[in-house]
Amino acid sequence: MTTVIMRTTARAIVPIVLVVAISLFVEGHNLPGGGFIGGVLTTTAFAIIYMAYGLDFLERGILGRDVDPGKEPSRDRVVVAYRRLFAYGFAIAVLSGLAPLLFGQPFLSQTFVVLEGIPLYDHLEVASALAFDFGVYCVVVGGLLTILSVVGAE
Amino acid sequence: MSPDQAVIVAAVALPFLAAALTPLFFRVLGEWTGFAGTLVALVSFGLLATQYGAEGTVTLPWIPSLEIALRFYVDGWALLFALLASGIGALIFTYSPAYMHGQSGLVRYYAALLAFMGSIIGVALAADLIAIFLFWELTSLCSFVLIGYYTADGSSQYAARMAMLVTVGGGLFLLVGLLLLSLVAGDVVGPASAFNLAAMLEHPDAMQSALRDRGLFVPVLGLLAVGAATKSAQVPLHFWLPNAMAAPTPVSAFLHSATMVKVGVYFVGRVRPMLLGSEWLLLFVTLGLTTMTVCALMAVASTDIKELLAYSTASHLGLMIAGFGFTSVYGAETGVFHLLNHALFKAPLFLVAGIIAHEAGTREIAKLGGLRRNLPVTAAITTIVSLSMAGIPPFNGFYSKELLYEAAVEASHHHDIGLLGWLYPAVAVFGSVFTVLYSLRFLSLFFGDRPDELGSVQSPPLSMLVPPAVLALLAAVVSVSPQLAVSVIVQSGLEATAIDPHEMHVGLPTSYSTPVGMSAVTIGAGVLAFPFYERLHDGIRSIPRTVPQSCPNWWYDAAVDGLTDEGRWLAGRVHNGLLRTYATWTLGATCVLAIGGFVAADAIEPTELGVEATVSIALVLLVAVVGALAVVLSDSHVAGVLTLSILGFMIAIFYILASAPDLALTQLVVETLVLVIFLLVIEEIPASYAIGLRRSVRDVALSLVVGATAFVTVLVTTSARPGGSTDIARYFVEHAVPDGGGSNVVNVTLVDFRGFDTLGELVVIALAAISILTLIVMRDSGDGGLIETRAGEELLEDEPTPEESADEPHATDELTADEPADETRVADEHAGDDSFGSPPERGPTEETDGESSRGDSA
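Residue numbers (the numbering used here), protein chains in the order written: chain E, 1 to 154; chain L, 155 to 1012.
Encoded structure:
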C-alpha cells in the first residue's frame, strides 16, 4: 500500500485530521465531539501514516532512531510509549476524579467557571471536566495505537 | 459484662495481620518464624481470656444506610472454641519449627496457618450469617493450602483437591440454609436483624414456629446438616479426612483434629436451641452414631498411625454430633464437654504421631513397637491421652462418653422412638468397643514388641515434646478434677447450647447406673477382643476389596473421573482453537440468555408496529440493506470491506437524520478507523476461500437468530418508555447547562453526570489493549497453538457428512499448510476488530443520546 499516491495523500490529510481531532476534543463539552471521538480520529491519523509509510516511519523518519528489524513489536520504544500513554491517561482521569475530595466534594465531581473580558473571545468557559476528558482522550489514543501497532506488525 | 469491641476485633484481626506480615517475619527470623506465630497465638488467647465471663454482641457498622454490619457474639460456647483455637494454635506454632526444619515453602505454611487460626476465631465469634459463611469457607481455603503443602507430591494434590471439593461444596449447602433462615428471621426479629444469628437465638421458640409455619424447618435443618457433615467429616462425607493426612503433622494436629473439623460440631451446637425437636434427634443422632461406629471400624482397619487417628477423629466427631442430637440436657453436656476433651487428647496424639514419624522414620503401624525405651517421655504422654481416647476411667474422655450413654438412655424417655430407644445405646456401646481397641493398639506402639527391622530411634527436640506434654498435662488435670473444667468453661458453653441448662455435675460414678454398666461392657469387651485385633483388622480390610462401592472414596473417584472426561470432551467441542467456533457458541449462548431472560421476565408483549419513516430515512436504510447483501455476496475481501463501510456510513447518516449528531460523529470516526485497519490487514489473508454448504447453512441460521434477538431486544427496551423519554433523560436535558456547564448533553452526561461509568469504560479500553498485547506476545513464544489449531481444523474437516462430499475438492484445498497460519491471522484481525468495532463508550452515548433526542422532540 505504500504507493506514491498514498504518501502524497497522507501528507496532505494527516495534519488536517489531527487538527480536526484536537478541535473535536476541545469543543466536545458544547458541540458534538469529546475525548473519545477525538481519540479515535487521532488514531485514524496515525493509522494512515502507518499505512502510507510503514510501521517504522515514526521512529526512523520523525524521531530519528534506528529500529532493529527482528525485534519483537511489543518491545519497540514507540509501543512502550503508547502503553505509557494509556496508563498516564487513566491516571489523569483518576486524579481528576480525586481532586474534588480536596474540596470536600464527592469523587468525580465537576465544576466550571466563565472567564470574562478575554480579548478576541470576550468570554471563555473553562470546565474541570476537560481534565477528565483529556484522560479519556489519552486512554483511547494509547490503547488503540497499542493494538494497532502490535497487530499491524504481524 | 459486655464484650469489649476493640478487644474482640483485635483478637480476630491479629492473626490475619500477622499472616500478611509473615514474609517480613521470615526474612528476619528465618525458621524461627514459628515462634512469632506462637506469640501471635498467645496474644490472641490473652485478648480472648480478658473477655471471660462476657456475654453480648459487638457490632461494626459497615453500610449504615442499609443496616449492614459485621457482628461478633461472645458467650461461653464461642469463647470455649476460640480459646481452644488460639491455645492449641500456640502449641502448634511452638512444635512446627523443629518438625518443619529444612523444609521449603515455610512462608506459605506459616501464613496459611495464621490465617487459618484467624478464620477459626472468626467462625467462633461471628454472629452475622454472612460472616459465618465467609469465615467458614476461609477455613476450607486455608485447609486446601495446608493439605497441599507438599506441592510436588501427587497424593498431596489429590487430597487437597478432595478436601476443597467436599468442604467448599458443603459450604454451599450451608449458605442456602442460612439464606432461608434469614428469610424467616426477617419476619421474626425484624428486617434489620435478618442476618443476626444472635438476635435469632434470643427467640428460639418463635424462630422454630415461624420456620415450621412456612414449611422451611426440614429444608433448613437438612441443609445445615449437610454443611456441618462435610466440615466435620460425617459418614458418608468423611472420606476426605483420612486423605487429608497428606498434610504435615502439625497441620493435622491443628486443623484436622482440634479445630477445623469441629467447626461443623460448633455450628450444630450454636443453632441447637433454635432447631431442637424430634426431627433434629433423628437426623443428628443417626448421623453421629453411624459415623462414630463406621469410622471406629475404619480406624481398626488402618495401617498408618495418622490414618488411624484421622478415622478416630471422625468417629469422635460423630460422638459429639450424636450428643448434640439428643434433645435432653445430657446431649448438650456431651457435645460441649467432649469438644474440649477430644481436643486435649487427640491433638497430642497427632503430635506424638509426628514425633514417631520424625524419629523412627515410618508411620506404618506394623513396623512400630516397643518405643517406650527410646521415647520415655513420649510414652508417658501417650499413655495418658490414649487411655483418655479409649474412654477408660479416670481419664477425661471417660466422662464425656459417659454423658453420651446417659443421653442415649434418656432419649427414649423424651421421645417416642420405639426401636431406636435401645438401638441408639447399643450402637453407641458397639462403636465404643472399637474405640477401645484402636486406642490400645496405638498404645502398643510403645509397649508392644519391638520389630527387628526398626532402626535407631532418636530423642525428639524439646520444642516437639513440650506441646504434647502441655496438652497431656491439661488432660490429666481434667481427668483428676473434671468438675474444675466444668466450672471454668464447660458450664457456660452448656448454657449456650441447651434449652434448659442446669448445674452440670461430672465425676467418677459412685453407684451403679445404666451408663456405668454400658461403660463396663465397653471396656470389658474391648479388652477381651484386643488379642483378636489382627483378625478384626484383616477382616474389615477385606470388605472394600470385595465390594469397592462400599467406600465413599470409590464414588468420589468415579464422579471426578467422569466429570474430567466430560470436561475433556466438551473442551474439544467448544475450545477447538477456531475463531468461528468461539463466535458461534458466544453468539448462540447470548441469544439464548437474552430471549430466556425476556421470557422469564414476561417482557415480550404484542406491540403495534407503526411505520412512520420519512422518505430520506427509508432511502438511507434501503441503501444500508443493499450494502449488507452486497457484503455477503462479494467474492473478494477488498470488495467486502468497502461494501461493509458503506453500511457503516449509512448508519451514521441515519443517526444524523434522527437528530443524534454526537452518535453520528462517533459512528463516522470509528467506521473510518475500522476501514483503515481493514485495509492495513487485508494483505495478510487469502484472496478468497470457499465455505462448505453445511457451514453456510449454520452461519445463516445463526445470523437469523442473532437478528431476531436484536430486533426483540430493541422492541422490548424501547417499549419500556411509553412516554417517549424517562425522568432521568429529562433531568439530564434540564441540568446539563446549569450544573455541567456544557450544552452537549451527551458529553456532559459522560464526563459530569456519569463520570464513574465512563471511568469504567476506560478500564475496558486499557484491558483490551493489554489483552491483545499479551496474546501477541504469548503466541510468538510457542508453536503449540499452531499445532493445536491444525489438529482442530483437520478434526472438523474429516467429519464424513453427505453435504460435505459435494465440496470435497474445496475441503482438500483447505487442508493446505497455510490454513492454520491464515486462521491465526484472521483471529488477530477479528480480535482487533472487536475492540474497534464495538467502542465501549458507544453504549451510554447511544442510550443517552436516544433519550435526549426524544426529549428534544417532545
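Note that the Cβ used here is the ideal one computed from N, Cα and C, for glycine as well.
Here the structure is a predicted model, which is why all the values come from computation and not from measurement.
Q: Report yes if the C-beta distance between L/A561 and L/T488 is below 8 Å; otherwise report no.
A: Yes, the Cβ-Cβ distance between L/A561 and L/T488 is below 8 Å.
Q. Along chain E, which residues have their Cβ under 9 Å away from the Cβ of L/V914?
A. Rather than Val, the amino acid found at residue 914 of chain L in this sequence is Gly. Those do not exist, as L/G914 stays about 11 Å from chain E at its closest Cβ, beyond 9 Å.
Q.
Within the continuous alpha helix (DSSP H) that includes L/A507, where are the two ends?
A. V483 to A514
Q: Taking only beta-carbon positions, decide if E/E116 is within less than 8 Å of chain L.
A: no
Q: Assign L/V405 to one of three DSSP states: helix, strand, or coil.
A: Of the three classes helix, strand and coil, the one that applies to L/V405 here is helix, per DSSP.
Q. Excluding sequence positions up to five away, which residues of its chain have a Cβ less than 6 Å from the Cβ of L/P706?
A. P390 and F393
Q. Under 8 Å between the Cβ atoms of L/Q637 and L/E513?
A. no
Q: Give the straight-line distance between the Cα atoms of L/R526 and L/V624, rounded to the nearest whole angstrom.
A: 19 Å
Q.
Looking at chain L, is there any beta carbon in it that lies within less than 8 Å of the beta carbon of E/M6?
A. no
**Q.** Spatially closest choice to L/E607 from L/F832, L/Y312 and L/G524, by CA coordinates
**A.** Residue L/G524 holds the alpha-carbon nearest to the alpha-carbon of L/E607 among L/F832, L/Y312 and L/G524.
Q.
Taking CB distances under 8 Å as the criterion, tell me whether E/Q105 reaches chain L.
A. So no, E/Q105 is outside the interface.
Q: Can you grab the Cα-Cα spacing for the pair L/V728 / L/E915, in whole Å?
A: 29 Å
Q: Measure the beta-carbon distance from L/L834 to E/G152 and round it to whole angstroms, keeping in mind my assumption that it falls under 8 Å.
A: 6 Å
Q. Looking at C-beta atoms only, is the number of pairs between the stretch 683-694 of chain L and the stretch 582-601 of chain L that lie closer than 8 Å three or more?
A. Three or more beta-carbon pairs separated by less than 8 Å link the stretch 683-694 of chain L to the stretch 582-601 of chain L, which places the two stretches in contact.
Q: Note down, in chain order, all residues in the stretch 43-54 of chain E with a beta-carbon under 9 Å from any beta-carbon belonging to chain L.
A: Here the close residues are T43, T44, A47, I48, Y50 and M51.
Q | alpha helix (DSSP H) segments (min. 4 residues) lying fully within the stretch 766-815 of chain L | A | 769-787 and 791-811
Q.
If distances are taken between C-alpha atoms only, which option among E/L24, E/T44, E/I48 and E/T43 comes closest to E/G35?
A. E/L24
Q. What residues from chain L crowd round E/R22, counting only those whose CB sits closer than 9 Å?
A. A quick correction: the sequence has Ile, not Arg, at residue 22 of chain E. Under the 9 Å cutoff, chain L gives no residues; its nearest Cβ is about 13 Å from E/I22.
(Q) Going by DSSP, what residue range makes up the beta strand (DSSP E) through L/G210? (A) G210 to I217
Q. By Cβ distance, which residues of its chain are closer than 7 Å to L/W708, with the 5 residues on each side in sequence left out?
A. Correct list, in chain order: P702.
Q) In the structure shown, what three-state DSSP assignment does E/N30 receive? A) coil
Q: Could you work out which residue in L/L921, L/S635, L/L869 and L/H568 is closest to L/G133 when comparing CA atoms only?
A: The structure shown does not extend to residue 133 of chain L, since chain L spans only 155 to 1012, so no value can be given for it.
(Q) With a threshold of 6 Å on Cβ separation, who are the neighbours of L/P954 within its own chain once the five nearest residues in sequence on each side are excluded? (A) Residue placement at L/P954 is flagged as unreliable, the pLDDT there being 33, under the threshold of 50; a coordinate-derived value is accordingly withheld.
Q: Counting only the same chain and skipping the five closest in sequence on each side, list residues whose C-beta sits under 7 Å from that of L/A501.
A: I242, A407, S411, A412 and L625
Q. What does E/H123 pair with, by DSSP beta-bridge criteria?
A. E/E116
(Q) Taking the beta carbon of L/D972 as the centre, do at least 16 other beta carbons fall within 10 Å, making it buried, or is it exposed? (A) Only weak support exists for where L/D972 lies, its pLDDT of 30 falling under 50; the coordinates are left without a value.
Q. Name the DSSP beta bridge partners of L/F226, please?
A. L/V212 and L/A280
Q | Cutoff 8 Å: L/S897 Cβ touching any chain E Cβ | A | yes
Q | Residue closest to L/L858, alpha-carbon to alpha-carbon, out of L/E720, L/S799 and L/T738 | A | L/T738
Q. Roughly how many angstroms separate the alpha carbons of L/T768 and L/L811, rounded to a whole number?
A. 10 Å
Q. Going by other Cβ atoms of all chains shown within 10 Å of its Cβ, with 16 needed for buried, is L/S146 buried or exposed?
A. Past the edges of chain L, shown from 155 to 1012, lies residue 146 of chain L, and the structure says nothing about it.
Q. What residues from chain L crowd round E/A127, counting only those whose CB sits closer than 7 Å?
A. G895 and G896
Q. For L/N707, does the three-state DSSP call read helix, strand or coil?
A. helix
(Q) For chain L, check one thing: does any of its Cβ atoms lie closer than 8 Å to the Cβ of E/L98? (A) Output row for E/L98: interface = no.
Q) What does L/T820 reach in chain E if we use C-beta pairs closer than 8 Å? A) Taking a Cβ-Cβ cut-off of 8 Å, the neighbours of L/T820 in chain E comprise F36, I37 and V40, given in sequence order.
Q.
What does DSSP give as the partner residue(s) for L/D458 in the beta ladder?
A. L/E518
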